[in-house]
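Peer 1: One structure is given below, represented as structure tokens, and several questions about it will come after.
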Amino acid sequence: MPAAPYRAIGILDSGVGGLTVFQELTRQLPHEKIIYFGDTARMPYGPRSDEEVRRFALQIIDFLQNQEVKMVVVACNTATAVGLPCYRERCHMPVLGVIEPGVRAALEYTKSGQIGVIGTAGTIRSSAYEKALQAVQPDLQIIARPCPLFVLLVENDLVETPEAEKVAIEYLAPFKEAAIDTLILGCTHYPLMADLIQKTVGTEVKLVNSAEEIARDVKAILTEQQLHNPLPCSDPGYRFFVSGNPHSFEEIAAKMLHRRIKAYQVIL
Ligand code: DGL
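Just so we're aligned, residue 79 is where the sequence shown starts under our numbering, counting upward by one.
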């Protein structure tokens with residue numbers, strides 16, 4: 079088995095959305111190898127029960143551990159929201175979720191103490207963001223809403239359509255009324271429609287992108303635990319596994335990453 083610094087970072091997501099985290103990691107940590115698992119056959123996780131999402135995430139974590147990764151990044155907000163402590167229990171390595179970094183960034187940005195959170199039904203139902211925010215600052219005014227159609231708009235390449243605009247106006251109206259100054263994009267897919275969200279809530283609202291924030295945390299942990307890969311990484315250092323059709327994943331990934339990748343199907 080290679081020494082820990084030479085091993086890959088594992089990314090877990092329900093599908094393609096976690097590629098926003100992959101992209102940020104490659105940008106901030108170009109030396110690192112990455113193994114990505116997208117559970118495309120069972121996505122979306124958003125409407126599933128907590129127990130089901132935890133079970134799926136643990137199966138992926140076992141797969142990533144068998145691939146000898148040095149760290150697991152749970153890119154999926156829903157999976158993070160419903161089970162991070164239980165994944166940490168299962169692993170003998172650092173396991174990072176997207177909620178803590180997003181919360182920390184929101185607390186840094188907010189001046190008014192009025193924070194909005196958007197996510198899948200599962201993430202919002204868990205109240206994970208509210209609990210984490212209020213654990214640090216109990217007097218915050220938080221408004222959290224599920225935006226389930228956003229995932230479908232991104233998946234079906236419909237973000238730049240009048241329908242998407244209508245959906246955004248409807249979902250985001252409560253945030254305009256509440257006069258928030260910070261909005262957490264609590265879902266892997268939402269950074270991919272950040273322009274529309276920003277236009278709808280107004281430019282004075284700061285959008286928190288969990289993908290950017292978690293990449294900073296990964297960097298910090300690698301430094302703290304002396305796990306940085308000392309060798310430069312080239313493209314073969316990235317491997318992609320999916321539970322569904324690899325070709326459709328490759329198509330969407332090519333659009334998102336602006337280059338072609340190869341994905342392999344794994345039945346868990
Ligand atoms: N990855 C999910 C999340 O960040 C969004 C897609 C899904 O529902 O599976 O919550």
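Glycine residues also receive a C-beta, built at the ideal position from the N, C-alpha and C atoms. Every value quoted in this text rests on a predicted model; they were computed, and no experiment measured them.
Considering only DSSP beta bridges, list what T260 is partnered with.
Peer 2: As a first step, residue 260 is located in the sequence shown; it is residue number 182 there, counting from the start. Looking at the DSSP assignment, T260 forms a beta bridge with I193, K284.
Peer 1: Classify V214 as buried or exposed, calling it buried when 16 or more other Cβ atoms lie within 10 Å of its own Cβ.
Peer 2: Within the sequence shown, numbered from 1, the residue matching residue 214 stands at position 136. It is exposed - the Cβ of V214 has fewer than 16 other Cβ atoms within 10 Å.
Peer 1: Would you call the CB atoms of Y268 and V232 closer than 9 Å?
Peer 2: Position 190 of the sequence shown, counted from the start, is the residue given in the question as residue 268. Position 154 of the sequence shown, counted from the start, is the residue given in the question as residue 232. Their beta carbons are under 9 Å apart, which means Y268 touches V232 by this criterion.
Peer 1: With a floor of 3 residues, list each beta strand (DSSP E) that falls wholly inside the region 207-246, ordered by position along the chain.
Peer 2: Those beta strand (DSSP E) runs which fall completely within the region 207-246 and span 3+ residues are 219-224.
Peer 1: Buried or exposed: which applies to A341, given that a residue is buried once 16 or more other Cβ atoms fall within 10 Å of its Cβ?
Peer 2: By 1-based counting over the sequence shown, the position of residue 341 is 263. Under this definition A341 is a buried residue.
Peer 1: Of all the CB atoms in chain B, is at least one closer than 9 Å to the CB of P226?
Peer 2: The displayed structure is made up of one protein chain only, and chain B is not part of it.
Peer 1: Say yes only if the C-beta of T201 is nearer than 8 Å to one or more non-hydrogen atoms of the ligand DGL, and no if none qualify.
Peer 2: Your numbering for residue 201 matches position 123 in the sequence shown. At least one heavy atom of the ligand DGL is nearer than 8 Å to the Cβ of T201, so yes.
Peer 1: Could you give the C-beta distance for A135 and I89, rounded to a whole number, given that I count them as a contact under 8 Å?
Peer 2: Within the sequence shown, numbered from 1, the residue matching residue 135 stands at position 57. Within the sequence shown, numbered from 1, the residue matching residue 89 stands at position 11. Actually they do not touch by this definition, with Cβ atoms about 12 Å apart.
Peer 1: Which residues end up in the neighbourhood of the ligand DGL when you take C-beta atoms closer than 5 Å to any of its heavy atoms?
Peer 2: Residues with a Cβ closer than 5 Å to any heavy atom of the ligand DGL, in chain order: S92, G95, M121, P122, Y123, G124, C154, N155, T156, T198, V229, C265, T266.
Peer 1: In angstroms with no decimal places, state the Cα-to-Cα distance between Y165 and V286.
Peer 2: By 1-based counting over the sequence shown, the position of residue 165 is 87. By 1-based counting over the sequence shown, the position of residue 286 is 208. Their Cα atoms are separated by approximately 25 Å.
Peer 1: Would you kindly report the start and end of the unbroken beta strand (DSSP E) that includes Y316?
Peer 2: Along the sequence shown, read from residue 1 onward, the residue named residue 316 stands at position 238. Run containing Y316: 316-320, per the beta strand (DSSP E) assignment.
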